Each structure stands twice: as structure tokens, then as C-alpha cells.
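Asks: Here the protein sequences line up with chains L, Y, A and W, keeping their order. Here the first sequence is numbered in the working numbering, starting from 1 and rising by one per residue. Here the second sequence is numbered in the working numbering, starting from 1 and rising by one per residue. Here the third sequence is numbered in the working numbering, starting from 1 and rising by one per residue. Here the fourth sequence is numbered in the working numbering, starting from 1 and rising by one per residue. Note that CB positions come from ideal geometry on N, CA and C, so glycine has one too. Keep in mind it's a predicted model, so treat the numbers as computed, not measured.
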Amino acid sequence: MPLENGKLKELYRKMVTVRTLEQRVEQLVTAARIPCSGHFGTGQEAVGVGVSGPLRTDDYLFGTHRGFAEYIGKGMTPAEILTEYYGKATSLSRGRLGQHLLKVDIGVMPLPSSLGSEFGMAVGAALSSKLRGSGQVAVNLFGEGTAGQADFGPALEMASLWSLPLIFACNNNQYVELAHYRNVVATEDIAPRAAGYGVAYEIVDGNDITRVYEATERAVERARNGGGPMLLEFKTYRRGSHYTGDPGGYQPAEEIAAWAKKDPIDRCRERMLADGVWSEAEEQALRQAVQDEIDAAVQFAEESPYPDPATVYEHIYAQGGMSA
Amino acid sequence: MPLENGKLKELYRKMVTVRTLEQRVEQLVTAARIPCSGHFGTGQEAVGVGVSGPLRTDDYLFGTHRGFAEYIGKGMTPAEILTEYYGKATSLSRGRLGQHLLKVDIGVMPLPSSLGSEFGMAVGAALSSKLRGSGQVAVNLFGEGTAGQADFGPALEMASLWSLPLIFACNNNQYVELAHYRNVVATEDIAPRAAGYGVAYEIVDGNDITRVYEATERAVERARNGGGPMLLEFKTYRRGSHYTGDPGGYQPAEEIAAWAKKDPIDRCRERMLADGVWSEAEEQALRQAVQDEIDAAVQFAEESPYPDPATVYEHIYAQGGMSA
Amino acid sequence: MSQRKITFIQAVREAFQEEMRRDERVFVLGQDVQAGIFGTTSGLVREFGQERVINTPICESATVGAALGAAMTGMRPVVQIMFGDFNYMAMEITANQAGQWHYISDGALRAPMVIETPSGARGGAGYGHSQSLEAAFILPPGLKVAVPSTPYDAKGLLKSAIRDDNPVLFFEHRRLLTQRGPVPEEEYLIPLGQADVKREGRDVTLVAVSATVQKALRAAEELSRRGVEVEVIDPRTLVPLDKETIFRSLQKTYRLVVVEEGRRRGGFGAELSATAMDEWFDYLDAPVQRLGAISAPLPYSPVLEAACIPSEEDIVHAVLRVLGEEE
Amino acid sequence: MSQRKITFIQAVREAFQEEMRRDERVFVLGQDVQAGIFGTTSGLVREFGQERVINTPICESATVGAALGAAMTGMRPVVQIMFGDFNYMAMEITANQAGQWHYISDGALRAPMVIETPSGARGGAGYGHSQSLEAAFILPPGLKVAVPSTPYDAKGLLKSAIRDDNPVLFFEHRRLLTQRGPVPEEEYLIPLGQADVKREGRDVTLVAVSATVQKALRAAEELSRRGVEVEVIDPRTLVPLDKETIFRSLQKTYRLVVVEEGRRRGGFGAELSATAMDEWFDYLDAPVQRLGAISAPLPYSPVLEAACIPSEEDIVHAVLRVLGEEE
Ligand SMILES: Cc1ncc(C[n+]2csc(CCOP(=O)(O)OP(=O)(O)O)c2C)c(N)n1
Ligand SMILES: Cc1ncc(C[n+]2csc(CCOP(=O)(O)OP(=O)(O)O)c2C)c(N)n1
Ligand SMILES: [Mg+2]
Ligand SMILES: [Mg+2]
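(1) For A/Ala345 and A/His173, which I take to be in contact (beta-carbon distance under 8 Å), what is that distance rounded to the nearest angstrom?
(2) How many angstroms separate the CA atom of Y/Pro154 from the CA atom of L/Tyr60?
(3) At a CB-CB cut-off below 9 Å, which residues of chain Y make contact with L/Pro229?
(4) Return the chain-ordered list of same chain residues with a C-beta closer than 6 Å to the C-beta of A/Val78, the five sequence neighbours on each side being excluded.
(5) Given a cut-off of 8 Å on the beta-carbon distance, is the pair L/Val108 and L/Tyr85 in contact?
(6) Say the cut is 7 Å; is the CB of L/Tyr175 nearer than that to a heavy atom of ligand 1?
(7) Between which two residues does the alpha helix (DSSP H) containing L/Gly73 stretch?
(8) Is the CB of Y/Tyr71 under 8 Å away from at least one CB in chain W?
(9) For W/Asn87, verify whether its CB is less than 7 Å away from any heavy atom of ligand 1.
(10) Counting beta carbon pairs with one atom in the segment 252-264 of chain Y and one in the segment 190-199 of chain Y, are three or more of them shorter than 8 Å?
(11) Using 8 Å as the limit for Cβ to Cβ distance, is L/Ala191 near chain W?
(12) Compute every distance between the C-beta of L/Gly248 and the non-hydrogen atoms of ligand 4, then say whether any falls below 7 Å.
(13) Y/Met76 CB to nearest chain W CB: under 8 Å?
(14) Do you know whose CA, among W/Ala121, W/Gly74, W/Arg265 and W/Gly123, lies nearest Y/Val104's CA?
(15) DSSP beta-bridge partners for A/His173?
(16) May I have the straight-line CA-CA distance separating W/Thr245 from W/Lys198, to the nearest angstrom?
(17) Apart from the five residues just before and just after W/Glu14, which ones in its own chain have a Cβ nearer than 7 Å to its Cβ?
(18) Are the C-beta of A/Leu139 and some C-beta of chain W separated by less than 8 Å?
(19) For the beta strand (DSSP E) that A/Ala146 lies in, which residues bound it at each end?
(20) Please confirm if Y/Gln344 has its CB atom under 8 Å from at least one CB of chain W.
(21) Assuming L/Ala301 and L/Thr83 are in contact, meaning their beta carbons sit under 8 Å apart, how far apart are those beta carbons, in whole angstroms?
(22) Using 8 Å as the threshold, is the C-beta distance between L/Glu293 and L/Pro78 below it?
(23) Please list, in chain order, the chain L residues whose beta carbon lies closer than 7 Å to that of A/Phe165.
(24) Distance, Cα to Cα, L/Gly63 vs L/Ser114?
(25) Since A/Asp85 meets chain W, which of its residues come closer than 8 Å, beta carbon to beta carbon?
(26) Below 7 Å on C-beta distance, what does Y/Arg132 contact in chain W?
(27) Any beta carbon of chain Y sitting closer than 8 Å to that of W/Ser311?
(28) Heavy atom of ligand 3 less than 7 Å from the Cβ of L/Glu144, yes or no?
(29) Determine, using beta carbons only, whether W/Val207 and W/Leu169 come nearer to each other than 8 Å.
(30) Could you tell me whether any Cβ in chain A is nearer than 8 Å to the Cβ of W/Pro118?
(31) Give me the chain L residues within the contact set of W/Val316, using Cβ-Cβ distance strictly less than 7 Å, ordered along the chain.
(32) Report the neighbours of L/Phe119 on chain A: residues whose CB is nearer than 7 Å to its CB, in chain order.
(33) May I ask you to list the residues that DSSP assigns as paired with Y/Ala169?
(34) State the CB to CB distance for the pair A/Leu143 and A/Thr94, rounded to an integer number of angstroms; the pair is presumed to be in contact (CB under 8 Å).
(35) Would you check if the distance between the CB atom of L/Ile209 and the CB atom of L/Pro264 is smaller than 8 Å?
(36) With respect to 7 Å, is the separation between the Cβ of W/Met82 and the closest non-hydrogen atom of ligand 1 below this value?
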């Protein structure tokens, strides 16, 4: 189904929220208000927002370590994200998770600290959905570097073999840490690897929110209707650093500039303006609303207390638990 | 290069040795003279013998758990194999290795008990050869079930990325333990998975010793000359049981019968006879010689002493070692 | 009480059957579980179908990962790892993920899953098919570790493990698989964390793990003939550990010996001996004796393998040492 | 003797440089080792080229596998695993393969390789980027485990590790990386298996691992002000363990405390306490005190993380307990 305007505006708002929030968090990390070293995704917001866009609340999303696009996309709020990053008692995990964002009741599933350990888990979530007949789809979003991880092939194999409702979504942002991806990835494209396991694939312009959304929607509906897994590769570009503190310098300035011209937020806005479904006034109002929401969330996180150290003994084991 | 007759006869002799030895060892396992439960490969001897045929003594072979084809192929003797299987002091490892055959000085490299753990090691051996400029090629032979293991894709990726002299050789014998391979392998062919990593591949009739040899020889020479890795898939069939004690019954009798008609030893002999390069007299002499060699090896193994239990403290660490 | 005797394999299979009938969220996955290489899952596919008895590709890491994903989303998987040694292939998932998400999600996620894994030395299986690695799961947080030594314990512990909301490793020593023992027809459970006194005695407390329980019992018989009465305790789970039962015994004997087939260096015995040091120092008339395999790979040849792991005789000597009757 | 002070990172980098110049079989591989995420390998590529400083795909298992394959065929690889936690991803290769083939090949194969791995809690890295897992490598056979606590030790131990013919895990605590300490210009080696007395004292022997050495030294200062003289011993390698140095100290103090940042349950302290039980029972005037992290995942929030791992204050209390001055 073509993306309709109301939905497009919602996705646009989410992309703006993601970028604004990421910039703010980056400042907070630099200012040592937030203890982790963040990974941000300026320029690639359309991927996470577009991929999570067509999902049901109860669909499973296994997201990435980079930025907030799929987390905001799936429905987490800036306050939920900020309180986790701050490690405050008001966070969903009471300070335990940090950058490993999770919100089980809207299907935001574990982001393991070890890249690629989610491949098997995503298979399991999709298998579980199939066994329970719940119609839930699982989406596993991962970077092109992470596609090199051990369980990637086996996950494709299992998804194919058992015809699971599982979408492999590769966010190819062309960098793996401090090196161009072709330094450690043998092929230009990741997607054709799916064919080796009998899994269908598609390569999509990751800087076009409409295409990302529509391709994902097709794959998700196909999977929901028993059509089995699919791999989508989104071509995009990471314009910012790998992590806060990254010395930089390994991305050619012209390359960054060229991709800045394809910025997904600008493209989306310009198209909406050209189509007459968006106005400068709406834009102003949106920017302000997003800024206000984030300001309020930062304030909330700042003012929230740190967790009580005595809580570390809670929930070591499920059901009452054991002593350490 | 087409296989010349002298070489073909040598390969034929090795196939006959493999089959005879495997049958003998199976009896010895059943009779509890040998303590492990062996895995044999009746009907698939051409793969291991053919793959190891074109290798230099110093080329690296990472073989399989099934049968002796590549071990005899690379130059191990029945006595070396039998003493290991018996766990006798006269074995190369003084009773430590058992079925994990190894003979470093002729390039027979570790067969890990965990299937697939050799993928990374084979990459390392090929990388080492490249770094040392030694011209050695590494061949990693594995089953189609083992291709499902985690490090398979990453090994293809590394071999491709670094253009390593590494041949991935898949012995597709159509069974993975007690089930047809399509029960746990998503695709008919394993070979095209290589393409996903930019590695060339070829599918070869694994019951034709000449084709196995020639395809391997081409791949090995290409790799030796800097052409990089290649994946060869050999289609064959395991006519015997998975292991000694296997209840059987899951392989259709017609399937077994059909493949018996394509027996690699019979095919090779018939071709040699038809070409006039082999005679019934030579056949008789060969059978007798092989039988004698194996009888002598069994006798040697039987008569060899068990290792001294006090030796268990030796070689725990290299260079003198430490106390337990 | 029924006097029925069945094998360890049958006991495990019954536990599967009963739990799969009781709770449709329970399913089994692993290599060749439909056929059942060691028999524990054989036949289940006939009753429960291919949807609940799933043959997996040969990839331990992704299989345990899949079990974890299923466990976190409402199922209760039992994943079979064909040889205990292969648990290291899935160590990342088991130790870094499965045992940790309940805690770091502050209780939002649970991982009710079991890893069923035949293991241990049986003479002639070789270095990577023979190890007892249960002690490797004491260090990672959030896991439970069951080490049954009889058919009765195996059935009762597996049923509890399947119902537990935490990841449980369930080790089955391959020397025990075909042994028979009494198992009642009626349903029963054995709580995780409850040791069993396999033999009473007043002189020495001997804690034995998995297959070494039998060696310990034979050693106790031998020692009894020499006038030494050994109390043999089977902890049945290493985590949680039933310290109370061990301590109760120690308060009577003042002497502790611990034996396992896994390696001594860094093994369960180290943790138990250190626990005795921490908590029971004043109840020790002699240093705790710990026995385990030497810190070497397990060689193939049965004579060599036997020389690496504790024997009945080694246990007799350790008991005599703790009594000061031997150096 | 030079009074030059350099950081831990610089010391490690110098070790790399010297060994790579000395022996062309030495090479480095790992994720982003050319850039050097934590700095220990930064710049090496300029001197030694891309052939000897190899960026790998993100796959810890195959990378350690490749290192092992190279080590067995005449090279001496150092593989960097970016976070200690990820060692569980390669556990199969390290524990089941790398440590075992020398033995089972009866000496025909050697695996001279090093796994260099930044690790430990630094506040805010979260559950899977903060663990100290060195104790997990005590159980598997054939491995050595180095845990340097100063730039001087780091350089000398890494050079020895690279020259060792066995697989060595080399843990670098991330809190130590930017710290400075004296390192001579002249070449030196520190043998694996030689503890260092970081502070002399007559009252209590305190064995501390990795970053806890510094906490131990501060605790010792504090205790000294209270009239208690603690001898702080850094084992520097957990395997091989220099028991002689610890025992020598114990023969003077009769009291032993052990502290590590890794988890206490199943940790190094268990092995050391059990060793004291085995071998030094008559030299213990009080039970050994062992300190380590609680058996829980490490939470992200720095206040929570700090509550999970032993502090300077915890060490002070443990020393007072071993002296009977506290409960
Ligand atoms: C198993 C594992 N190895 C290494 C890391 C460290 N690491 C964090 S981000 C990253 C790069 C990931 O690259 P890619 O998958 O392309 O995602 P991107 O960062 O580009 O979004 C690495 C190696 C990790 N977290 N987990
Ligand atoms: C990691 C690991 N998992 C499981 C096994 C048990 N196992 C031994 S042989 C075998 C089947 C292998 O199938 P395939 O690769 O097709 O080789 P084949 O036996 O057909 O020669 C399995 C699963 C093992 N040795 N290692
Ligand atoms: Mg990337
Ligand atoms: Mg097969």
C-alpha cells in the first residue's frame, strides 16, 4: 500500500525527533551528564523509523546500537530513552539497561551488547509467534558489519527452513566503526547472501522514508501471511562519528557532503512541501514541539534520582530469586 | 590437467584401501576391540580421496569425522589410523587422539570434535601460508550439515576479503545423522552460498573420482597462484549408517540401491577396465595387497601396548609445562 | 509406592512427556531430537508432532539463541545440546544473554528454558566429547545447574527445570543413561536446590557430583568394611546449592570431601571448599579434600582417560586423608 | 634506571612494537586494530603494514579460530577481542581447541597465540561491556591468564605472552588503560607465573587481581593508619599461579584475603581459597576472606555498578574480619 499522508507526517515527526534527540544526547555524553559513550546515526534516520513504521505494537523489533530511530519508531519516548541513558531510577529498567534499550510491552526486544547475538533470539521470537499462531512478525535490524557475525547465516537457514515470519533488515551505512565497510565486508551488497539460504531479498534506498516503509510493509505483510522470511538491505550513510570521542578523519569530506544532499529528513520535507501536504508553519510548530518534548524529557531525566544501590539484589533469579 | 593413468591407479588403490579399512574398523568397533563409535562413508570414498589427491605434502587438509578417505588420501597409513582408533601407545599421539586423526608433518590438520570449529582454523592456516609466502594451500572438507555451523559464513568472508589460498570442499552425502539433509538444510545446494561472499563455486559429481580430482586440482592451482578461495560441492551419498549402532531405517532402500549403482569404486574400475589400463589380475593383486596391509596393521595395533597412564601429565603446556 | 525400575533415559523421556502434555508451551529443539540420538527424546515426535519436536541445523549458538528468543516470548523450550562440551559454542548466549536479561530488564523478561546436555567421560569418545563442564556455569549469573545421578532424580529435576522461570542447564552423564533405578508411576517433582543424602554416615561428609555419586557410594561401602562411615551427599543442583544439607552433615562429621569428574582447577570443588572456608571453618577438623580431573584435556585411550578422572580408589584415599589416616 | 612514566596503553603498544620488530611471525588481528579503538594497537599499521595489522570482520569466534590456525602453522598471532565479555563468543575455540591440541597431539602442535582483551567495569558501559571474566579461563586446560595492573607489568607480561608457546589471555582493565607508571627504556620481560609484592606488610596477606590491586593498595594505606600492615600481592597471572610467593607471605601473616572484580561465585578467589585449604590449612589463623562481584549481571547505572563490585572499603572490612576485629 502506498504510504498515506497522515502516516508520512508521523514518520517525518519521528525522524525529526530522532535527530534532535541524538544531537542532544551527544552533547550530554560529551558533557559527561550521561555516562555511556553513545553511537549516533545522523543521516540514516529513515531506516529505523521506516522499518518500524509498518509494525504492529505486538510485533517484535530487535534494534541496533546506533541511535534511536527504530526505538522512537516503535513507540519509545524521549523520556524513556533519556532516563535509561542517564541510568536513573525512573527508567523502565530502574537504571540497569543504559544504552541497551528495551520495552517489552511494545515489542522492543533485547539489544544485546554483543552484536549478532540477537540473530538467534529473533529466530526464536519468530518461531514462538508461529507456534503460538499469534500472527506477530519479528524484525531484526542490524548493521552491514554485524552481518559478518557467526549466527547470521544460521539464522537465515532456520528462518528459511521453518518459513518463519522474520524480516532481516540490514542497515548498510557504509562504515564499520572507524573504517569503510569494504575493509571488513567482502561484498558490496549484503542482501544476496539471503539467496544462498533460499530467502528472498530486496535492496532499498535507505534515505527515502517512503521506500523504506513500503518495502518493509510488503515484507511484513508477506511474512504475516505465511510467506516466510525476507532480507531487506537499506543503503544509507552514517554522517556522524562512530561514537562520541571518535577522532574522525577517515570519512572523505566530499563523501559526507554528497550524502548530506540526500538527507532523508530534508528529502521527506521537500517532497511534502512540493506535494502541498506540509507548510513552513507546520514545520515551525513541529520543530518547537519536538524541542519542547526533548527539553522536558531532559529535565525529567536530570531531576530523577539515581537508583538505590540496595536494589542490586533484586531480580537476580525469576520468582523470588536467590542470594548472591 | 587431465588425470593420468598412474595417478588414477593410485587413487583407485586408495579408495579400495579406504573401503576395506572402514569395513574392518566397523567390525572392530562392533566387537568392542576399538572403543569409539566410528562414522563410516561407504559409497563416498571418491570425495576424500579425490580432494586430497592433488595436494602437496605440505598443503593443509582439514578433514571430516566420516571415514578415512581424505586421511588415506593425504598419506596416512592403515597402521597409523588403527593405532589411533585402538588408543595404543604406538599411535602418533600415543593414544590421545582416537578418531581425531592428525599428522602434522604431512599436513593432516586438526579434526575438531565440534563440527565447524575448523572453519576458522582453516582460514588461519591459509592466512599463515599467505603471510609466510609458502605457497601452501589449505583445504577444508566438511559435510553439508556442517555447512550450517556458525563460522562457515565468516570463514567465506575472511577467505574472500583476504584472497586466501583456501578451498572449501563440501561433501554433500545427503544425510545429517539420522535424517535427510533437507530436514535441516534450507537449500538443495550449499555451493551458491559462496557467491554471497564473492567466492567462486562449482558443483561436482562426487562419485566420479576423476571429476573430483580435476575440479580440486583446478581450484588448488588457482589458489596457489593467488586466485583466492573457491567452494566445491561434491554430490555423493552415504550408503552406510551414521555411526556404528545406528538403528537405520530412515534411508529408502531404493535410494540406497540407486546410489549403489553409482558406486565410485566400481565406476573407476569399470572405466579403467574399459580403457584397457586395468586388468582382472591387477585387481586381484590389489585386493590381496590391501587386505594384507590391513591385516598386518590390525595385528600391529592389536599387539601394541596401551599407553602408560603416567604419561597423562606430559605436554599439558608447551615447553616443560606446569603441574595439574 | 511402585517398585518400577526404569532407565535414566526413560525417566527423562517421561519427564518430557508429562511436561509437554501438561503445558503446550513446552517444546524441544536440537539436533536429531526427532530420532533422539541418546534416546531421551525418541518417540516424542509421534505424540507431539514436528512442531513441538524440532530438528535443528548443526549450529549450537543460534539454536540456543532461538531457544532464548522463544523463551522470552512466551514459550518454554528445552534445547538439547548433544554433547556437554558443545555448550562452549553457545556460551555467549547462555552466559552473557540468557542468564542476564531477567535482571537487567528489571524483571520485564524471563527466560524459562532448559539446556539438556549429555556429557562426561565414557571411555573412548575423545577430548571434545567427554568433558564435564558443569562448573563453567557457576561463574555466570542467573543460571541454574542440575546434575542428576539417578533416574529418579533426573525425572524430578527435569520436570522442575522445565517449570522454572530461569535458564537451567541439565547435565546427563553418559555413563548413567542406560542405568536403571526406581521411579514411581505417580507424578513428583524435585525442587532445584535440594540435596539428597544418598547414604548416611557419621565420620566423613562426602559431596559427589553426577556420575561420581556412584563411585562415592562404592567407596563408602569399601570404607564401611574398614570401619569408616561416610555420609554421601548428592547436591543434585550446583546452582542453587543446598548448603544447609551439607552443613547439617558437617556438624556431625567435621570432615568434608568433595568429588567431581570435571576438572579440579576452577571446578565446583573449589567453590564448595571456599564456601566451607567462608562459612564452616570452625567445623573443619581437617582441610576439605577436593577431587576432580587433572587440568589436562581428556585423552582418548580409556586407560589414559581413567587416569585423568577420580576413581573409587582416589575417593577412598581422600576420605582416609581427611581422617588423618593417610598423607 | 630510567624514570620515564608512560601510560598502560603506551606500554602495551611498545610491547607490540618490540616483539613485532624482533620476530616477523608476530602479527595482530582484530576489529579495527589498524585504528586501535582503545589505542593499544594504534599506529602499528604504519610501521608494520596491513599484512601484519589486520582488521577483521565482526566475528569473534572465527577470528580466534583464524588466530589458532595461524598459530598452529608457524605464526604467532595476537588477536584483540574488543571487550572481555566477547570472549564467551569464542569460548569454543579458546577452551575446547586452543588449549587442548598441544596435549592431544602429544606435542606435535603448538598454539603460540595471545588474546588481548580490554575488560572490566568502568561505569556506564552496561551489562555486556563491563564484566571481568578472567576466572572463566581457569577451568579449561592448557591456557595461561595474565591480569596486569600497571604499565610496567603490562609491557613485561605481554612480551612474555607473545613469546610463550601456549595460548595466553591478556586482560587489560579499562580503568587502567590511561594510567601512567614507570617503565624503563631498556627491554625487560616478566615471566608468566611470577607474582609481585606490591606492598610489604606483616599482618595480613592480600592477594588482589587487576584493577583491584589499586583499591587494595589504597585500603592498605588506610589500614596502615590504623596500625595494620597489609602485604599486597599481585599474582600477575592467574594461570600459572605463583603459589610460592603467596605462601611465603602467609608464613609471616597467617591471614589471607583475596579480592577480584570478577564474580565471587566460581571466581579466582574460590580457587585460591580452596588452594589455601588444600595446602596451607595449618598456616591459617582465620578463614580466608574472598571478595568479588555479586552473582548478578552488571547494571549500567554507575551507582548500581559500584554496588556490585568490591570497593576499597569492602577490602578494609575484609582485612579487619580476617584479623577478627569485625564480624
Ligand atoms: C560482538 C561484538 N563485537 C564488537 C562490538 C563493538 N562494536 C560496536 S559497534 C561496532 C560496529 C558495528 O558496525 P555495523 O554493524 O556496520 O553497525 P554500525 O555501527 O555501522 O551502525 C562494533 C564492532 C560489539 N558491540 N559486539
Ligand atoms: C558442534 C557439533 N555438533 C554436533 C555434533 C554431532 N555430530 C556428529 S556427526 C554429525 C552430522 C554431521 O553431518 P554432515 O556435516 O552432513 O556430515 P556427515 O556426517 O554426513 O558426513 C553431528 C551432528 C558434533 N560433532 N559437533
Ligand atoms: Mg555500518
Ligand atoms: Mg552429510
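Replies: Taking the geometry as given:
(1) Because chain A is modelled from 1 through 327, residue 345 of chain A falls outside the range shown and cannot be assessed.
(2) Start at 1 with the first residue of the second sequence, and residue 154 of chain Y comes out as number 154. Start at 1 with the first residue of the first sequence, and residue 60 of chain L comes out as number 60. Each residue's alpha carbon lies about 27 Å from the other.
(3) For the purposes of this step, residue 229 of chain L is taken as residue 229 along the first sequence, with counting starting at 1. None at all; the shortest Cβ gap to chain Y is about 10 Å.
(4) The residue you call residue 78 of chain A lines up with position 78 of the third sequence. Excluding five sequence positions before and after A/Val78, the CB atoms of its chain that fall closer than 6 Å to its own CB belong to Val28, Val114 and Glu116, given in chain order.
(5) For the purposes of this step, residue 108 of chain L is taken as the residue at position 108 of the first sequence. For the purposes of this step, residue 85 of chain L is taken as the residue at position 85 of the first sequence. No. Outside cutoff.
(6) Indexing the first sequence from 1 puts residue 175 of chain L at position 175. Indeed, a heavy atom of ligand 1 lies less than 7 Å from the Cβ.
(7) Mapped onto the first sequence, residue 73 of chain L falls at position 73. From DSSP, the alpha helix (DSSP H) with L/Gly73 extends over Ala69 to Lys74.
(8) Here residue 71 of chain Y refers to the residue found at position 71 of the second sequence. The beta-carbon of Y/Tyr71 is placed no less than 8 Å from the nearest beta-carbon of chain W.
(9) Working through the fourth sequence from its first residue, we reach residue 87 of chain W at position 87. Result no, Cβ not under 7 Å from ligand 1.
(10) no
(11) For this step, residue 191 of chain L is matched to residue 191 along the first sequence. For L/Ala191, the answer is no, since every Cβ of chain W falls outside 8 Å of its Cβ.
(12) Within the first sequence, numbered from 1, the residue matching residue 248 of chain L stands at position 248. L/Gly248 Cβ: outside cutoff for every heavy atom of ligand 4.
(13) Translated into the one-based positions of the second sequence, residue 76 of chain Y becomes position 76. No, because no Cβ of chain W sits closer than 8 Å to the Cβ of Y/Met76.
(14) On the second sequence, position 104 is the one that residue 104 of chain Y refers to. It is W/Gly74 whose Cα lies nearest to the Cα of Y/Val104.
(15) On the third sequence, residue 173 of chain A is found 173 positions in, with the first residue counted as 1. BP columns for A/His173 point to A/Ser119.
(16) Residue mapping note: residue 245 of chain W aligns to position 245 of the fourth sequence, counting from 1. Residue mapping note: residue 198 of chain W aligns to position 198 of the fourth sequence, counting from 1. The straight-line gap from Cα to Cα measures roughly 12 Å.
(17) Translated into positions along the fourth sequence, residue 14 of chain W becomes position 14. Closer than 7 Å at the Cβ level, and outside the excluded window around W/Glu14, lie Lys155.
(18) Taking the first residue of the third sequence as 1, we reach residue 139 of chain A at position 139. So, interface residue.
(19) For the purposes of this step, residue 146 of chain A is taken as residue 146 along the third sequence, with counting starting at 1. Lys144 to Ala146 is the extent of the beta strand (DSSP E) around A/Ala146.
(20) Outside the shown range of chain Y, which is 1 to 324, sits residue 344 of chain Y, and nothing can be said about it.
(21) The count along the first sequence starts at 1 and reaches residue 301 of chain L at position 301. The count along the first sequence starts at 1 and reaches residue 83 of chain L at position 83. Cβ-Cβ separation between L/Ala301 and L/Thr83: approximately 5 Å, consistent with a contact (criterion under 8 Å).
(22) Reading the first sequence from its first residue, position 293 is the one you call residue 293 of chain L. Reading the first sequence from its first residue, position 78 is the one you call residue 78 of chain L. Yes, the Cβ-Cβ distance between L/Glu293 and L/Pro78 is below 8 Å.
(23) If you number the third sequence from 1, residue 165 of chain A lands on position 165. According to the sequence displayed, residue 165 of chain A carries Asp and not Phe. Residues of chain L whose Cβ lies closer than 7 Å to the Cβ of A/Asp165 are, in chain order, Ala318 and Gln319.
(24) Residue mapping note: residue 63 of chain L aligns to position 63 of the first sequence, counting from 1. Residue mapping note: residue 114 of chain L aligns to position 114 of the first sequence, counting from 1. Rounded to the nearest angstrom, the two C-alpha atoms are 13 Å apart.
(25) As a working note, residue 85 of chain A is residue 85 in the third sequence. The answer, in chain order, is Asn96.
(26) As a working note, residue 132 of chain Y is residue 132 in the second sequence. By Cβ distance, chain W contributes Gly74.
(27) For the purposes of this step, residue 311 of chain W is identified with residue 311 of the fourth sequence, where counting begins at 1. Not one chain Y Cβ lies under 8 Å of W/Ser311.
(28) Here residue 144 of chain L refers to the residue found at position 144 when the first sequence is read from its first residue. Answer for L/Glu144: yes, Cβ within range of ligand 3.
(29) The residue you call residue 207 of chain W lines up with position 207 of the fourth sequence. The residue you call residue 169 of chain W lines up with position 169 of the fourth sequence. No, these two residues do not count as a Cβ contact at 8 Å.
(30) To locate residue 118 of chain W, count along the fourth sequence from 1; it is residue 118. No Cβ of chain A is located within less than 8 Å of the beta carbon of W/Pro118.
(31) Your numbering for residue 316 of chain W matches position 316 in the fourth sequence. The contacting residues do not exist; W/Val316 stays about 18 Å from chain L at best.
(32) Locating residue 119 of chain L in the first sequence gives position 119, counting from the first residue. The answer, in chain order, is Ala62 and Gly65.
(33) Along the second sequence, one-based indexing puts residue 169 of chain Y at 169. In the DSSP output, where bridge partners are listed per residue, Y/Ala169 has Y/Leu141 and Y/Leu232.
(34) Stepping through the third sequence from its first residue, residue 143 of chain A is reached at position 143. Stepping through the third sequence from its first residue, residue 94 of chain A is reached at position 94. A Cβ-Cβ separation of about 7 Å places A/Leu143 in contact with A/Thr94 under the 8 Å criterion.
(35) As a working mapping, residue 209 of chain L is identified with position 209 in the first sequence. As a working mapping, residue 264 of chain L is identified with position 264 in the first sequence. Going by C-beta atoms, L/Ile209 is nearer than 8 Å to L/Pro264.
(36) On the fourth sequence, residue 82 of chain W is found 82 positions in, with the first residue counted as 1. Checking every heavy atom of ligand 1 against the Cβ of W/Met82, one is found closer than 7 Å.
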